[in-house]
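This note's numbering puts the first residue of the sequence shown at 178, with every later residue one more than the last.
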Amino acid sequence: MSDISVLGIFVADISFSGTKIPAIGETILGDKYNVGPGGKGCNQAIAIARLGGRVDFISKIGKDAYGELALNTLKKNEIKTENIIQDANLQTGVAGILVDKKSGKNAINVIVGAPTTLKINEISKQINIIKNSKIFLTQLEVPKDVTLHCLKIAKENRCITILNPAPASEITKEFYSNIDYFTPNETEAEFYTGIKITSEKEAKLAAHKLISFGIKKVIITLGEKGLFYADGQDEIYLKANSVKTVDTTGAGDAFNGGLAFGLSKGKSIKECLELANKVAGISTTKLGAGNAMPYLADI
Ligand code: RIB
């Protein structure tokens, strides 16, 4: 049994890097493209494995070329493939990612594919894995009934739960009481609170509003500005590490992976945040998401 279980999707990320993200109706000649592993859940699992964490990844894929990429990626990163459901009638997902090479910022369209059909009754074996983990980490890319069910099971079994609420979308009140760590970026935090975050003061207001919903601990990642943490008592503001950014895709996933790894090792919250902040920073120095996750030696 692993320390950390991650529920989420694998997709093949097809990234195009150019001098800008084209506007609607515009064509540009880009510089580079890359096809590699993506999907928030898979990126997070890779980040944990590369740090040396013991992680199980729970997902669903098709039996096609990108499904092969998923299995090979997991094997290469020493993540077991036995918790992946493969269905020959479904397609493995893809994401089209446009990257602005000057800022490293992106625009993403994800076609989730196979995991859109994921059902609670398909994952009874995987539920046992969750029950026996110290940490359960998930996002909002698989069907919400499955996500909520797994969060509840994790909480009932005294796991620490982390919800990375990405991409931002409506969640019911029941979610909030089953989340220990809620990790939106500033845009997602605005979606859930209605507070536009441009400063530390607004990040603090948004974090307090999220805590009033019943979430225990909130970490708002602020891109190149760093992050803000609050748990109703302690507050921590950390600046981002300065790096030469190429592509920010997957930086949030690197952060969540680093956080889960730190918590699984019993580190203090300050140590976890510092580690996750570093992992996120280094992940932006390469084009791509899953393959850009750093190893412990890089940190
Ligand atoms: O967080 C980045 C990820 O979101 C990408 O890898 C893309 O596949 C989408 O799921």
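Note that the Cβ used here is the ideal one computed from N, Cα and C, for glycine as well.
Short check: CB of ALA417 to CB of LYS394, under 8 Å? no
Close-in-space but distant-in-sequence residues of the same chain around ALA164 (CB under 6 Å, 5 per side omitted): Any property of residue 164 remains undetermined from this structure, which presents the chain solely from 178 to 476.
PHE187 and CYS219 closer than 8 Å at C-beta: yes
Look at the alpha carbon of PHE352 and the alpha carbon of ASP208, and state the distance between them as a whole number of angstroms. 42 Å
Closer than 7 Å to a non-hydrogen atom of the ligand RIB - does that hold for the CB of THR360? No.
Does the beta carbon of ASP190 fall short of 7 Å from some heavy atom of the ligand RIB? yes
Is DSSP giving TYR369 helix, strand or coil here? For TYR369, the three-state secondary structure derived from DSSP is helix.
Would the segment 293-313 and the segment 451-458 be scored as touching if the rule is three or more Cβ pairs under 8 Å? no
Enclosing beta strand (DSSP E) for ASP264 [first to last residue]: 261-264
Spell out a yes or no on whether the segment 325-339 and the segment 363-375 are touching, meaning 3 or more CB-CB pairs, one atom from each, closer than 8 Å. Of all C-beta pairs linking the segment 325-339 to the segment 363-375, fewer than three are shorter than 8 Å, placing the two stretches out of contact.
Could you say if the segment 378-390 and the segment 418-429 meet the contact criterion of at least three C-beta pairs nearer than 8 Å? no
Return the CA-CA distance between ALA334 and ILE181, expressed in angstroms with no decimal places. Note on residue identity: the sequence assigns Asn, not Ala, to residue 334. Each residue's Cα considered, the two are about 13 Å apart.
Going by DSSP, name the residue or residues bridged to LYS378. Answer is none; LYS378 lacks a bridge partner.
In angstroms, rounded to a whole number, what distance separates the CA positions of GLY270 and SER236? Going by the C-alpha atoms only, they are around 12 Å apart.
For LEU214, the three-state DSSP class (helix, strand or coil): First, the amino acid is wrong: residue 214 is Pro here, not Leu. Looking at PRO214 - three-state DSSP - the assignment turns out to be strand.
CB contact flag (ALA272, ASN254, <8 Å): no
Should the segment 457-468 be regarded as contacting the segment 421-430, the criterion being three or more beta carbon pairs within less than 8 Å? yes
Is the closest heavy atom of the ligand RIB to the C-beta of GLU363 under 7 Å? No, the Cβ of GLU363 stays beyond 7 Å of every heavy atom of the ligand RIB.
Output the boundary residues of the beta strand (DSSP E) element that contains TYR353. Segment 350-353 is the alpha helix (DSSP H) holding TYR353; no beta strand (DSSP E) there.
Where does GLU448 land, buried or exposed, given buried means 16+ other C-beta within 10 angstroms? GLU448 is exposed by the Cβ-count criterion.
What ranges does the alpha helix (DSSP H) occupy inside the segment 416-462, keeping only unbroken runs of at least 4 residues that lie completely in it? 428-441 and 446-460
Within the segment 180-234, ranges of the alpha helix (DSSP H) (whole runs, at least 4 residues): 217-228
Among the residues of its own chain, which have a CB less than 7 Å from the CB of PHE405, if the five just before and after it don't count? Closer than 7 Å at the Cβ level, and outside the excluded window around PHE405, lie GLU377, ALA380, LYS381, ALA384, ILE397, LEU399 and TYR414.
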